[in-house]
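Residue numbers (the working numbering): 150 to 438.
For glycine and all other residues, C-beta sits at the position ideal for the given N, C-alpha and C.
This one's a predicted model, so the numbers in the text were calculated from it and none came from an experiment.
Structure, as structure tokens:
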Amino acid sequence: MRDDEVPGWWQRLGLSGLVDVHVHFLPDSVMNAVWSYFDQAEEHYGVTWPVTYRTPMADRLATLEALGVRAFPALVYPHKPDMAAWLNSWAREFAAQTPGCVPSGTFYPEPGASQYVKEALELGTRIFKVHVQVGGYDPRDEELDAVWGQLAEAGVPVVVHCGSGPVPGRHTGPGPIGEVLRKHPRLTAVIAHLGMPEYAEHLALAETYPNVHLDTTMACTPFTEAMAPMPRDLLPRYAALQDRVVLGSDFPNIPYEYAVQLESLERLELGDEWLRAVCWENGVRLLGR
150 MRDDEVPGWW
160 QRLGLSGLVD
170 VHVHFLPDSV
180 MNAVWSYFDQ
190 AEEHYGVTWP
200 VTYRTPMADR
210 LATLEALGVR
220 AFPALVYPHK
230 PDMAAWLNSW
240 AREFAAQTPG
250 CVPSGTFYPE
260 PGASQYVKEA
270 LELGTRIFKV
280 HVQVGGYDPR
290 DEELDAVWGQ
300 LAEAGVPVVV
310 HCGSGPVPGR
320 HTGPGPIGEV
330 LRKHPRLTAV
340 IAHLGMPEYA
350 EHLALAETYP
360 NVHLDTTMAC
370 TPFTEAMAPM
380 PRDLLPRYAA
390 LQDRVVLGSD
400 FPNIPYEYAV
410 QLESLERLEL
420 GDEWLRAVCW
430 ENGVRLLGR
């Protein structure tokens, strides 16, 4: 399937479009730094990673519109202190000017984190993103305890990259985030990338905690299967978790066309009802669209 076939794909499912919970828009200076990192992916990850949608921001937005992505966040995330509050402000302004974009936010273990998260919630932020691998921090850090509590109480989802793919970090894996969930069992955590490569362990967290979701970002695509294949014996468990698996793509930073993600999900053969829930219904509920 190619990108120009995507609208026909979701129309055949009887959908009004797609809801993608894992999309990145960043200030130009930050996005350019991200793209520069992917330029050196062979050094970092052992594979080349050409960014397919390395285009001006207006073109990227037009691409999402043409694909039929009706709702998405502009997920921002810091890699050092004193970035998060600024990124939150930028993301709110971007969402206010961008049809379909849901206000997003982020945080970092630093003094004042609970205060700027509180402010973001009061100003309408509806989803957060944390990247344990890029940030290099422990999600159990005491500076974040109040933040996790705020998000759990507010019922606002937080997309968490806590899996050890594409390379392990100091605090990746199901252990640290599992301890956060034990302390905050009502947290609406969205485990990015199905938690790859620790698929089974992160799936077990979703089976244990009723508000934990899994996003499909890059999962099951040929690119990812070559590095971290998803065990097919897990498929019945993903099928049973139909109401808490949600579409994610990592647009624009993917090394293939957007359509590949959808085609890869269809090839799991979990049925049209499952695809409708993943690609639309669950995302609508999470983002409040």
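With residue i as the anchor, note down where its alpha helix (DSSP H) starts and where it stops.
| i | result |
| --- | --- |
| H193 | 190-194 |
| V361 | Element bounds for V361: n/a, residue is neither H nor E. |
| V329 | 323-332 |
| V309 | No alpha helix (DSSP H) holds V309; the beta strand (DSSP E) holding it covers 307-310. |
| G157 | 155-161 |
| T212 | 206-216 |
| L436 | 431-436 |
Identify the continuous beta strand (DSSP E) that holds residue i and give its terminal residues.
| i | result |
| --- | --- |
| I340 | 338-340 |
Assign residue i to one of two classes, buried (16 or more other C-beta atoms within 10 Å of its C-beta) or exposed (fewer than that).
| i | result |
| --- | --- |
| L436 | buried |
| L384 | exposed |
| T366 | buried |
| N237 | buried |
| Q299 | buried |
| V329 | buried |
| P306 | buried |
| H342 | buried |
| S185 | exposed |
| R161 | exposed |
| Q189 | exposed |
| R331 | exposed |
| E412 | buried |
| T197 | exposed |
| T204 | exposed |
| L272 | exposed |
| T357 | exposed |
| P323 | buried |
| D177 | exposed |
| A220 | buried |
| P199 | exposed |
| S165 | exposed |
| A215 | exposed |
| N431 | buried |
| P359 | exposed |
Just tell me which of the options has its CA closest to the CA of residue i.
| i | options | result |
| --- | --- | --- |
| A439 | P315, K267, H173 | Residue 439 lies beyond the residue range present for the chain, which begins at 150 and ends at 438; the question has no answer from this structure. |
| M232 | V179, L343, V251 | V179 |
| R335 | L354, E347, V155 | L354 |
| Y387 | P371, D188, Y407, L417 | L417 |
| P346 | L167, E430, G312, F372 | G312 |
| H193 | D208, R241, V168, V283 | V283 |
| T373 | Y348, G285, A389, R203 | Y348 |
| W429 | L167, W159, E154 | L167 |
| I326 | V281, H171, P252, A426 | V281 |
| G249 | Y226, R275, W235, C369 | R275 |
| V172 | Q410, W158, A303 | Q410 |
| D392 | R434, R241, V308 | R434 |
| L210 | W239, L175, V183 | L175 |
How many Å lie between residue i and residue j at the Cα?
| i | j | result |
| --- | --- | --- |
| E443 | L396 | Residue 443 cannot be examined here, being either before or after the span of the chain that is shown, 150 to 438. |
| K267 | R319 | 28 Å |
| Q264 | A223 | 21 Å |
| V218 | P230 | 32 Å |
| E446 | F256 | With the chain covering 150 to 438 only, the question about residue 446 has no answer from this structure. |
| A245 | A207 | 15 Å |
| H351 | T247 | 33 Å |
| L424 | V394 | 10 Å |
| G285 | H228 | 7 Å |
| T212 | A269 | 28 Å |
| V361 | G163 | 27 Å |
| E191 | F400 | 20 Å |
| W297 | T370 | 31 Å |
| N402 | A303 | 30 Å |
| R381 | F243 | 39 Å |
Secondary structure, beta strand (DSSP E): runs of 3+ residues fully inside the stretch 220-294: Correct list: 253-255, 276-280.
Entirely enclosed beta strand (DSSP E) segments - the stretch 345-422, minimum 3 residues: The stretch 345-422 contains these whole beta strand (DSSP E) runs: 362-364.
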